[in-house]
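Engineer: Dropping the structure in here first, questions after.
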Amino acid sequence: MSVEKIISLILIPVALIGFFAFLMVSGPKKIDYSSEEAFSDTLEVSEEIEAMRLKSFESEGQFEELISLRKMSKEDALLLLEAIEFQEAYVKGLPYYSESAKQRLSYLKQRYDQVLSEEIYQLSLEKEMVSQNLYDEANYLAAIEAMEEAITLQRKINESYTLSSLYDINRMAKLDRRLTYLNAYPFYQQILDDEAQVEALKNEEKWIEAANLLTDIIEKQQYLNSEYRSSDLADGLKLNSLKLKQLKFQSTPLHNQINDLENKADALVETGDQSEAAAFYEEAMELQDELNTSFPDSPYSSIDRVNDLRRKNQSAASYSLGERINALNFQIDNDLRRRKLLSAKDKISRIADALQRMDEEFPLSSYNDDGLKLKVKVLNLIRNDIELVQDRIYENLISVPNEPGVRMLKTEVSQALYSTIAGYNPSRFVGELMPVESVNWNEANDFCLRLSWIMGLRVRLPKEHEFRSAIGPLRYIKLEKFVVSNAEEGKLTNLASKEPLGEGFYDLLGNVSEWLFSDGVFENERVKHIGGHFNDRLNTIYSVPVRMVNRNERSRLIGFRFVVE
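Per my numbering, the very first residue in the sequence shown carries number 2; after that it's consecutive.
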């Protein structure tokens with residue numbers, strides 16, 4: 002590359018940099034328009050313009066002097082207006098912008114609006130107070146007029162003197178709300194007077210007259226809510242309450258009639274006149290249906306009461322049939338307890354027919370007992386095997402030592418017996434002569450209940466002290482002769498595969514642990530099982546272990562036996 006090209010490449014950038022530097026130095030400067038001194042040296046204010054400023058100060062001074070000596074008049078305010086006019090002329094005539102002159106002009110305008118609005122504001126406050134006093138004296142029309150004047154005065158301030166500190170849109174809104182309230186109050190007072198009259202009619206039990214008067218009250222409240230919705234007296238909740246009260250009063254005569262009929266029917270039930278009671282219940286039920294249809298929103302409208310009256314009606318109408326069912330139930334228990342099985346079977350057939358008739362004709366009757374239906378269903382299903390079941394039970398009952406009147410099954414409940422009574426076998430180790438297992442505490446109690454129906458006697462799970470009494474003393478006995486444990490094969494065996502304990506009870510220890518009686522009422526309460534099982538060691542079984550589990554526990558290690566009282 003030649004020397005000339007190298008020089009040209011160096012000179013061109015240097016020239017460009019120099020050019021831009023020149024532009025920056027010679028470019029426009031920032032001007033401070035707020036500084037009067039920026040122009041004071043170059044621009045002069047004419048004498049005529051300066052005279053405007055002096056006259057403005059002079060007029061302002063005269064105004065301030067006058068109002069310091071006496072109350073301001075409208076003529077005095079003209080001096081302040083002159084000061085504003087002179088200051089405007091001064092600002093307009095200046096050859097430059099002056100912030101101080103502009104600020105003084107704003108101050109004079111605000112001062113003018115302030116002094117002229119103060120008297121108006123005081124008048125507005127006085128009118129507001131007068132309105133309140135007239136309201137307290139119940140002179141509502143005059144109170145409204147005074148409030149309207151107070152609003153007019155505040156509106157004048159807000160429209161004509163916007164720079165005044167007394168300019169207040171919030172006060173204007175407050176006064177408007179108060180005026181709305183005053184206009185609405187006469188209607189509200191009429192409502193209050195009418196409500197007092199309604200209360201008097203209610204006390205005299207003149208329900209229809211009270212309901213008719215409530216129609217007028219509702220119309221007035223609707224007018225208030227519509228025309229004066231911004232007023233505190235507009236009340237949607239009160240309107241709904243008035244409508245509900247009207248419905249209540251309209252339906253009260255019918256409601257009272259229903260109550261009278263039901264009370265008469267209840268009294269007849271107490272005296273044993275079930276047939277006439279049923280007629281009164283039916284009439285009351287029909288009237289309640291009518292009330293529900295005619296006044297569906299009344300607080301007395303109730304489907305539940307119709308159903309309750311229907312239950313009472315059917316209970317009274319089914320009295321004879323129900324008492325016959327109760328008598329048969331008592332006789333069946335008595336026959337089964339005394340082992341009069343032929344008589345019991347006949348009565349089971351008869352009570353089953355009676356219950357079917359009750360269910361078809363009087364489904365809501367209190368005599369329709371689901372528990373009794375289940376009992377009769379079970380007895381009817383097992384009717385031909387009752388004698389066999391009772392024989393098997395009685396043959397295997399042994400009295401518990403030191404527990405008078407309590408007999409216990411000498412073996413655990415077999416799978417064959419459980420299947421016969423419950424209708425299924427929950428066991429995992431299946432065998433008719435094996436103890437039932439995998440049955441939870443609730444299912445064991447249900448089995449006992451069903452067996453109670455068959456025996457005509459109370460059947461339940463053993464209590465812990467009864468179980469221990471049946472075991473008897475364990476000292477000096479060779480335990481492996483009496484229990485099934487893991488010392489041998491460690492598996493479930495048939496009933497009575499070992500020697501009996503105590504008075505002849507088999508498998509009280511080992512084989513399966515057994516559920517105990519509990520009188521706890523809550524489903525989450527834990528329950529006990531006792532005696533150990535085939536998977537326990539001999540020394541564990543020797544301690545007669547008692548374990549706690551949930552009621553719904555289902556284990557292949559747990560079965561049960563029962564006692565009969």
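Ideal Cβ placement from N, Cα and C applies to all residues, glycine included.
Please read these numbers as outputs of a predicted model, since none were measured by experiment.
1) Kindly indicate the opening and closing residues of the alpha helix (DSSP H) around Lys265.
2) Residue range of the beta strand (DSSP E) that Val572 falls in?
3) Answer yes if the stretch 289–299 comes into contact with the stretch 314–332, meaning at least three C-beta pairs across the two stretches below 8 angstroms, and no otherwise.
4) Check for me: the alpha helix (DSSP H) holding Val307 runs from which residue to which?
5) Helix, strand or coil: how does DSSP classify Lys221 here?
6) Considering only residues of the stretch 141–210, which uninterrupted alpha helix (DSSP H) runs meet the minimum length of 4 residues and lie entirely inside it, listed in chain order?
7) Where do the ends of the alpha helix (DSSP H) carrying Arg562 lie?
8) CB-CB under 8 angstroms to Leu109, same chain, minus the five flanking residues each way: which ones, in chain order?
9) Between Leu343 and Ile387, is the Cβ-Cβ spacing less than 7 angstroms?
10) Can you check DSSP and say which residues form a bridge with Met549?
11) Buried or exposed: Ile559, going by 16 or more other Cβ atoms within 10 Å of its Cβ?
12) By the 10 Å Cβ neighbour count, where 16 or more other Cβ atoms means buried, how is Asp392 classified, buried or exposed?
13) Helix, strand or coil: how does DSSP classify Arg393 here?
14) Can you name, in chain order, every residue of its own chain whose Cβ lies under 8 angstroms from the Cβ of Ile326, other than the five neighbours on each side?
15) Should the stretch 534–550 be regarded as contacting the stretch 472–486, the criterion being three or more beta carbon pairs within less than 8 angstroms?
16) Measure from the alpha carbon of Ile50 to the alpha carbon of each residue in Phe448, Leu79, Ser227, Leu95, then state which is nearest.
17) Output the distance between the C-alpha atoms of Leu502 and Leu434, rounded to the nearest integer angstrom.
18) Within its chain, find whatever has a CB closer than 7 angstroms to the CB of Tyr168; leave out the 5 residues flanking it on each side and keep chain order.
19) Answer yes or no: do Leu225 and Leu234 have a C-beta to C-beta separation smaller than 7 angstroms?
20) Nearest to Leu288 by CA position, among Val414, Ala102, Gln258, is which residue?
21) Is the number of C-beta pairs between the stretch 402–409 and the stretch 513–528 that are closer than 8 angstroms three or more?
22) DSSP has Pro436 in a bridge; who is on the other side?
23) For Val528 and chain B, any beta-carbon pair shorter than 7 angstroms?
24) Three Cβ pairs or more, each shorter than 8 angstroms: is that satisfied between the stretch 98–105 and the stretch 133–150?
25) Using the Cβ count rule (16 or more neighbours within 10 Å means buried), how would you classify Gln155?
26) Which of the three DSSP states is assigned to Ile399 in this structure?
27) From Leu452 to Leu389, what does the alpha carbon distance come to, in whole angstroms?
28) Based on Cα-Cα distance, which residue from Arg476, Ser498, Ala185 lies nearest to Val484?
29) Three or more C-beta pairs under 8 angstroms: does that hold for the stretch 464–472 against the stretch 434–448?
30) Please classify Gln190: is it buried, with 16 or more other beta-carbons within 10 angstroms of its beta-carbon, or exposed?
31) Closest by CA to Glu196, which one among Lys221, Leu382, Leu176?
32) Helix or strand or just coil, what does DSSP make of Leu502?
33) Name the DSSP beta bridge partners of Arg461, please?
34) Where Gly532 and Ser303 are concerned, what is the direct C-alpha to C-alpha distance, given to the nearest angstrom?
35) Within 10 angstroms of its Cβ, does Met549 collect 16 or more other Cβ (buried), or is it exposed?
36) Would you kindly report the start and end of the unbroken alpha helix (DSSP H) that includes Glu291?
Structural biologist: Well, looking at it:
1) By 1-based counting over the sequence shown, the position of residue 265 is 264. Lys265 -> alpha helix (DSSP H) spans 237–272.
2) The chain is shown from 2 up to 566; residue 572 falls before or after that span and cannot be answered.
3) no
4) As a working mapping, residue 307 is identified with position 306 in the sequence shown. Run containing Val307: 304–318, per the alpha helix (DSSP H) assignment.
5) Residue mapping note: residue 221 aligns to position 220 of the sequence shown, counting from 1. Here Lys221 sits in helix by DSSP.
6) 141–161, 170–204
7) Numbered from 1 along the sequence shown, position 561 holds the residue referred to as residue 562. Unbroken run through Arg562: none, as it is neither H nor E.
8) The count along the sequence shown starts at 1 and reaches residue 109 at position 108. So the list reads Ser57, Glu61, Leu81, Ala84, Ile85, Gln88, once near-sequence residues are dropped.
9) To locate residue 343, count along the sequence shown from 1; it is residue 342. To locate residue 387, count along the sequence shown from 1; it is residue 386. No, Cβ-Cβ distance for Leu343 and Ile387 is not below 7 angstroms.
10) By 1-based counting over the sequence shown, the position of residue 549 is 548. Met549 pairs with Lys529.
11) In the sequence shown, residue 559 corresponds to position 558, counting from 1. Buried, since its Cβ has 16 or more Cβ neighbours within 10 Å.
12) In the sequence shown, counting from the first residue as 1, residue 392 sits at position 391. Exposed.
13) In the sequence shown, counting from the first residue as 1, residue 393 sits at position 392. Helix, per DSSP.
14) Here residue 326 corresponds to residue number 325 of the sequence shown, with the count starting at 1. So the qualifying residues of the chain are Ile352, Ala355, Leu356, Met359, Tyr368, Leu373.
15) yes
16) As a working mapping, residue 50 is identified with position 49 in the sequence shown. For Ile50, the nearest C-alpha among the options comes from Leu95.
17) Start at 1 with the first residue of the sequence shown, and residue 502 comes out as number 501. Start at 1 with the first residue of the sequence shown, and residue 434 comes out as number 433. Their Cα atoms are separated by approximately 19 angstroms.
18) Start at 1 with the first residue of the sequence shown, and residue 168 comes out as number 167. So the list reads Ile158, Asn159, Tyr162, once near-sequence residues are dropped.
19) Position 224 of the sequence shown, counted from the start, is the residue given in the question as residue 225. Position 233 of the sequence shown, counted from the start, is the residue given in the question as residue 234. The answer is yes: Cβ separation under 7 angstroms.
20) Along the sequence shown, read from residue 1 onward, the residue named residue 288 stands at position 287. Looking at the Cα atoms, Gln258 is the closest of the given residues.
21) no
22) For the purposes of this step, residue 436 is taken as the residue at position 435 of the sequence shown. Bridge partners of Pro436: Ser415.
23) The chain inventory of the structure shown lacks chain B, comprising one protein chain alone.
24) no
25) To locate residue 155, count along the sequence shown from 1; it is residue 154. By the neighbour-count rule (16 or more Cβ atoms within 10 Å), Gln155 is buried.
26) The residue labelled residue 399 in the question sits at position 398 within the sequence shown. In this structure, Ile399 counts as strand in the three-state DSSP scheme.
27) Mapped onto the sequence shown, residue 452 falls at position 451. Mapped onto the sequence shown, residue 389 falls at position 388. One C-alpha to the other measures close to 13 angstroms.
28) Residue 484 sits at position 483 when you count from the first residue of the sequence shown. If we check each option's Cα against that of Val484, Ser498 comes out closest.
29) no
30) Here residue 190 corresponds to residue number 189 of the sequence shown, with the count starting at 1. That one is exposed.
31) Your numbering for residue 196 matches position 195 in the sequence shown. Answer by Cα proximity: Lys221.
32) For this step, residue 502 is matched to residue 501 along the sequence shown. Residue state, collapsed to three classes: strand.
33) Start at 1 with the first residue of the sequence shown, and residue 461 comes out as number 460. Looking at the DSSP assignment, Arg461 forms a beta bridge with Val564.
34) Counted from its first residue, the sequence shown places residue 532 at position 531. Counted from its first residue, the sequence shown places residue 303 at position 302. Looking at the two C-alpha atoms, the distance is approximately 56 angstroms.
35) In the sequence shown, counting from the first residue as 1, residue 549 sits at position 548. Looking at its Cβ environment, which holds fewer than 16 other Cβ atoms inside 10 Å, Met549 is exposed.
36) As a working note, residue 291 is residue 290 in the sequence shown. Taken as a continuous stretch (DSSP letters only), the alpha helix (DSSP H) holding Glu291 covers 275–295.
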